[in-house]
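Down below is the structure, laid out as C-alpha cells.
Residue numbers (UniProt numbering): 1 to 1176.
If you want it as C-alpha cells, here you go:
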C-alpha cells in the first residue's frame, strides 16, 4: 500500500467527516476508554511468547524461566509508519511491518530477523549511522545453554531493496556477540567523542542464594556483572569495563541513561534484582564511572525490576521509577511476604548494601543532588509482580502518566510452597524430592493480573484508572513499549505477553480536540543521527516540561525514538530549548502544537543561559555550616526494641536528641544543650566571643536524654536545666528513667540535685510556664512509653514549683491529675489560645487526639466539644504556635506521621492496635490492624505474628489460611474483650486554625509537606514578606524493617501567605537542607546572624546560617510571655515567647520585631501590657 507522511496523514485523518461524527458520539458516550484493544484478528499480530512447560525444565531449575521478553518499535523501512519487533524465549523473535490502519505483516523470514534459543531484551540503534534502525538482541538461556546459544545478536538493517527490507546478523563482526547472559543494552555516548557506545546489562545464573547477605563484590570478578563497550569508530566495539570501573556485581533487570548531576555527561542507572542494590554510575568525565547511588538516594527497591526516568511533576527535574513485587491485595500480601528480618537487614547494611525495601519506588528529584522517595504517598508502590514501567503522557493533558506490566506464570513465591519445598528437601532421595516439588509446583495458582494504568492528577499524585483506561485483560505481561502506531499524535502501547497474544492498544486521545501534543524528532550529527542523549525543555503558559532522548525504557524494550509531550489545550509553545549531547543548544520560539517537529543539530550553537531570561535567585538563603562549628555526633546503642515486642510498628529507643537554647553563663551569648543517647553524655555548646562554640561534655552518660529545658527554677537570674530520661533500653520503672534537674551556679556550672518527685516513666517532653501565675516556672512532663508494654498509657505529670527562699522544690499538682493519663505523649505546648492571659496546654502524641486544656485560674480542663478535633487521633510528633492568619490569636502547626506510608486511614477506617496479653505469657501483645478496600485485616505477616504469639501457628497452620482471614476471623470475640484499643484516623502533617471562641479547624499541609514524619518545627518570617513561615525537619529511621525507614524529607520551608495557606519553597531555591533522621530544631543568635540547628538521631547535628534582612531584636525578660504587634493597616498579630516548642526543642526566645510594625506591646505572665519603642 502507499504510505503517507505522518503530518499529512494526521491532517487528513483529523479533518475527516467520520472523525467529526465520532467526536459527536464520544461527547454522548461516557464509557469510551482511553485505550482500545486491537485484536490479532484486526491487526494480524499473532505473536505470543509461548512457553513449553515440562518436568525436564521448570522454574525450579531455571529461575528466569518466566521473566518474559521484550518489544521494540521503530520505523525500520523508513515509510513513516512504526514497525514492531518482539523477542521470544522458546520461539523465534518476530518482526511486523506496519501497513497502516492497524494492519501489520509478519516479515520475520523475509527480513532475516528470526532467531533460535532464548532472547531477552531488544535495543534499537542506528549503529552504522545509515539512517536505518538496527536491532540488538540480548540473550540468555537455561543452565547448560552453550556460549553460542547465549551470544547476543546484532541485526544490521540493509534497507529496502529489490527483495524488501532485510537485515544481516553481524554481532561477531562488530565485537558485540557477548555471551554473559545479557538482559538489555543501552547505546549512548559516554565519552562524548560523538559516537554511540554500549552498556550491557547482565544477570547471570549462579549457584548461590542471591538474597543471602555477603560482602558486596566490587572487584570485577563476580560471575554476574554488567559491561561497557566503547565504539572504536571503525564498526567495532571494545569491552572497556575494567578500565571504566564497571566492576560491581549485579543481577540487572533495568537500565536507563540520564545526566543525573547535570554536568553534561551521561550517567547510568541500573535496577538490580535480589539483594544486590541498584547502581548509579556517575560519569567522571575521564572515561571512568563511580557508583554514587548512596549520595543521591536514601533507600532503594529490593527486587529491582524495570525502571524509567522522566519528570512526573513538571518541575524540570527527572524522577526515577523502579518496580518490585509487592502485592496490593491482602491475600497475596500475606501469601508472599515473609515480614521483618531485622538481623538480616542490618547485616546487609554492615556489608555496604543500601537500605532496600520490597515495593515500587518513585524517587522525586529535589534538584540539589538529593531524591525523595514518595511512591507510597503517590499510591503506586504495590502493583504485584511487576516488570515494565513506562512514564508518558498517554492522555495528553500535560502530565505524564504511568503504565505498569505485571504477572507471573507460576506463583513460586507462595510461602506455603516454599515451606513445603524446604521440608521435602530433608526427606527421601533427591529424585523423589524433585518429583514431589514439581507436583506441588504444578498445583500453584498463576499470578495472572491486569496491568496497571495510573493517571497523573497534576497535583503530585496518581489515580488508578486501570479499568477506565481500558486494561481489563488478565495477562502475564513483561516488556512493553509505546509509539504512535497510527500517526494520530498520541502514544499507543504494545505489550509482550507470555502464553497469550501480544497486546496492542490504540490510544484514543486524538479524538479529544482539547488534548494536543508535540513530538520532537532529531537530526543529529553524522555519528549520532538520532540525537540520543539530547534534552528538550518546553515552556508555555508559565509552565514547563522536559524530556530526554533515549528509547531504552521500562523492561527489555525500546520505545519509539524521539520525545513526545502532551499539552492539554495549548495551541502554541512559547519556547523550546534543545541541549545536544555535546552541550550545544538552540532556542526555538512560537511553535504550533499538534505536529511532529524535526530538531536539526546544524541550527545549534554555543549558548548563553540569559537568552531565556529565566535566571533568578532566591531573595534569601540558608547556608550550610561546617560540622566543626557545633561538634556533636549523636550515637545510639545497639538495643533493638523488636527483641522485646516483635510486633511494634517502630522502635522507641531512638527518638532523640533534644536541643535547648539559653544564655547559661550570663555573657549575653546564647548557648546550646544537645542531648545524648544511652551510654553517651549530652553536651553543652558554649558560645564564644568569636561566634564559635566550645564543647563541654555533660554528666550522666548512662541515661537516654529526650527533652531538655533551660528555665530559672528559683528566680535567681540564671538558667537551670531539666532533662527528661526516656527510651526503652531498660526495663520499665528502671531508675535510669528518672528525670534529672541540674542547678546552675550562675556561671554556667551545673550540679545535679535530687529535687524532683520519683518519676521513673520513660518520658519525652518537658515544657515550662507559670500556669498558676504565682511568679514561679512550673513544668509539664509528658510520659512517652511503658517499655515492653506498648501501647499502654505511661504516666505524665504537672509539676508545681513550690520553691521558696532560694530552696527549689517541685510537687505534682493534685488539682490537675487529669493530665496523668493522657496517652503516649510526644509534644506539649503552653499557649494562650483564647487570649485570656492564662496559659493553656495542648498535648499531642502517638495514637492520641489533639488534646486542648483550657486554664481557668490554674485549673486545666479539657475542651471536649471541638468538632474538628473529634477525629484527630494520629501519630503526632510535634506542635508549634504562630498567628499565621494575623487575626490576633494563635494557630498551630502539628507534625504527624505524614502520608508517605502504606496505610490509608480516615475516621471510618482507622489504623488500630489491640493490646492485650493474648497468649497469657505475661507480655503485652500489640496487634495492629488496618483497612484494605473496606475490610479490616491484621497488618502483620504470619511470621511476625507468630514471633509475638506462638499459639497463632496452630490457629493458622498455613499461610493460605492466614491470608484468607479478616481481622474478626483472626481472633475470637472473647479474646478481644478487655483489650486496650488505640487508633489513628489521620496521618497528615497539619495546620490547626484558631477560629476564636474555642473553635478550631484542622487542615492538611501541602502535599510536599507530607512526604515524611514531621518532627522539629520553627516559626518565623524567613522570606521577609511580612508573613509567618514554617521551617520543619523530619524522617524516622527506626520503623520495622519491612516498611523501612521514612526518609523522604530534606527539610521543609513552608512560606505562609498571611491567611493560613502555605507554599513549599524548594530546597534548591532556599538552601534549607536537613537530611537524616532529623528530630529537634532550634534557632539561636550567633553575633548578628541566626543559626538554625537540627538534632539528628544517630548522626551529627546540622547547622545552617540564615541570612535575612536586618531587624530589631527584642530579648524578652523571664516573666514575659507574648507580644502584640500592630501594623499600618490596623491589624494586630500575636506572638508567643516559647520555652519549648516543636519536638524536644527549646529555641531562642529572641524576638525579631517585624519591620513594618507600628507598635510593639509586650505581655507578661500576669497579663500586664507594656508598649516598647524600637530596640536593638
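Each residue gets a CB set at the ideal place from its N, CA and C atoms; glycine is no exception. Note that the structure is a prediction, hence the values are computed from the model and not measured.
Residue 1187 and residue 685: beta carbons closer than 7 Å? Residue 1187 cannot be examined here, being either before or after the span of the chain that is shown, 1 to 1176.
Given 8 Å as the limit, is there contact between the stretch 993-1007 and the stretch 913-922, that is, 3 or more CB pairs closer than that? Too few Cβ pairs lie closer than 8 Å, so no.
Inspect the CB distances between the stretch 1162-1172 and the stretch 1039-1051 and report whether three or more fall short of 8 Å. In short, these stretches do not touch, since the Cβ pair count stays below three.
Specify the secondary structure class of residue 1119 as computed by DSSP and reduced to three states. Note: residue 1119 maps to coil in three-state DSSP.
Report yes if the CB atom of residue 821 is closer than 7 Å to the CB atom of residue 866, and no otherwise. Taking 7 Å as the Cβ cut-off, residue 821 and residue 866 do not qualify as a contacting pair.
Residue 25 burial status per 10 Å Cβ neighbour count (16 or more: buried): In this predicted model, residue 25 has a pLDDT of only 40, less than 50, meaning its place in the structure is not dependable enough to derive any value.
For a quick check, are the C-beta atoms of residue 948 and residue 646 less than 7 Å apart? Closer than 7 Å, so yes.
Which residue marks the beginning of the alpha helix (DSSP H) containing residue 43, and which one marks its end? For residue 43, the enclosing alpha helix (DSSP H) begins and ends at 40-43.
Three-state secondary structure (DSSP) of residue 1048: In the structure shown, residue 1048 adopts coil according to DSSP, grouped into three states.
Exposed or buried, residue 940, counting other C-beta atoms within 10 Å across all chains shown (16 or more means buried)? Per the 10 Å Cβ criterion, buried.
How many angstroms separate the CA atom of residue 1157 from the CA atom of residue 1126? In this model, residue 1157 and residue 1126 are separated by some 6 Å (Cα to Cα).
Looking at the strands, I want to know which residues DSSP matches up with residue 76. Paired residue(s): none; residue 76 is not in a bridge.
Taking the beta strand (DSSP E) that residue 545 falls in, what are its first and last residues? According to the DSSP assignment, residue 545 belongs to the beta strand (DSSP E) that extends over 543-548.
Continuous beta strand (DSSP E) stretch holding residue 161: start and end: That run of the beta strand (DSSP E) goes 153-161.
Say whether the stretch 586-595 touches the stretch 547-559, bearing in mind that this needs 3 or more beta-carbon pairs closer than 8 Å, one atom from each stretch. Taking a cut-off of 8 Å for Cβ pairs, the stretch 586-595 and the stretch 547-559 do not touch, as fewer than three such pairs fall below it.
First and last residue of the alpha helix (DSSP H) that includes residue 876? Where residue 876 is concerned, there is no enclosing alpha helix (DSSP H), given that its DSSP letter is neither H nor E.
Just mark residue 208 as buried or exposed, buried being the case when its beta carbon has 16 or more other beta carbons within 10 Å. Exposed, since its Cβ has fewer than 16 Cβ neighbours within 10 Å.
Quick check: the stretch 379-395 against the stretch 404-412, are at least 3 beta-carbon pairs closer than 8 Å? Touching, yes, given that three or more Cβ pairs across the two stretches are closer than 8 Å.
Do residue 1094 and residue 1081 come within 7 Å of each other at the CB atom, strictly closer than that value? Annotated as proximal: residue 1081 and residue 1094, with beta-carbon spacing under 7 Å.
Here's a check: name, in chain order, each residue in its chain whose Cβ is nearer than 6 Å to the Cβ of residue 1076, leaving out the five neighbours to either side. Excluding positions up to five away in sequence, the list reads 1096 and 1099.
Taking all protein chains shown into account, decide if residue 723 is buried (16 or more other Cβ within 10 angstroms of its Cβ) or exposed. Answer is buried; the Cβ neighbour count reaches 16.
6 Å Cβ shell around residue 132 - same chain, five flanking residues per side excluded: Residues 157 and 159 of the same chain have their beta carbon placed closer than 6 Å to that of residue 132, with the five preceding and five following residues left out of the count.
Compute the beta-carbon to beta-carbon distance between residue 1140 and residue 640, rounded to the nearest angstrom, for a pair I have assumed lies under 8 Å. Actually they are not in contact, since the Cβ atoms of residue 1140 and residue 640 sit about 30 Å apart, beyond 8 Å.
Residues bridged to residue 823 [DSSP beta-bridge criterion]: For residue 823, DSSP assigns no beta-bridge partner whatsoever.
By a C-beta neighbour count over all protein chains shown, 10 Å radius and 16 as the cutoff for buried, is residue 351 buried or exposed? Looking at its Cβ environment, which holds fewer than 16 other Cβ atoms inside 10 Å, residue 351 is exposed.
Where does the unbroken alpha helix (DSSP H) through residue 579 begin, and where does it stop? For residue 579, no alpha helix (DSSP H) run applies; the uninterrupted beta strand (DSSP E) run containing it begins and ends at 572-579, by DSSP.
What is the DSSP secondary structure of residue 923, reduced to helix, strand or coil? Here DSSP, grouped into helix, strand and coil, assigns residue 923 to coil.
Beta-carbon proximity of residue 258 to residue 224, cut-off 7 Å: For the 7 Å CB-CB criterion, residue 258 and residue 224 do not form a contact.
Does the beta-carbon distance from residue 87 to residue 122 come in below 7 Å? In contact: residue 87 and residue 122 (Cβ atoms closer than 7 Å).
From this set, 393, 398, 530 and 754, which residue's C-alpha is nearest residue 483's C-alpha? Closest by alpha carbon: 393.
For residue 109, three-class secondary structure by DSSP: Correct three-state label for residue 109: helix.
Just to confirm before moving on: does the CB-CB distance between residue 323 and residue 337 stay below 7 Å? No, Cβ-Cβ distance for residue 323 and residue 337 is not below 7 Å.
Going by Cα to Cα distance, which pick from 264, 397 and 299 is closest to residue 286? It is 264.
For the beta strand (DSSP E) holding residue 626, just list the boundary residues, first then last. In this chain, residue 626 is not harboured by any beta strand (DSSP E), its DSSP state being neither H nor E.
Quick one: give me the first and last residue of the beta strand (DSSP E) that residue 1177 is part of. The shown model of the chain, from 1 to 1176, leaves out residue 1177, and the question about it has no answer.
Proximity below 7 Å, CB of residue 1034 to CB of residue 1078: Using a Cβ distance threshold of 7 Å, residue 1034 and residue 1078 count as a contacting pair.
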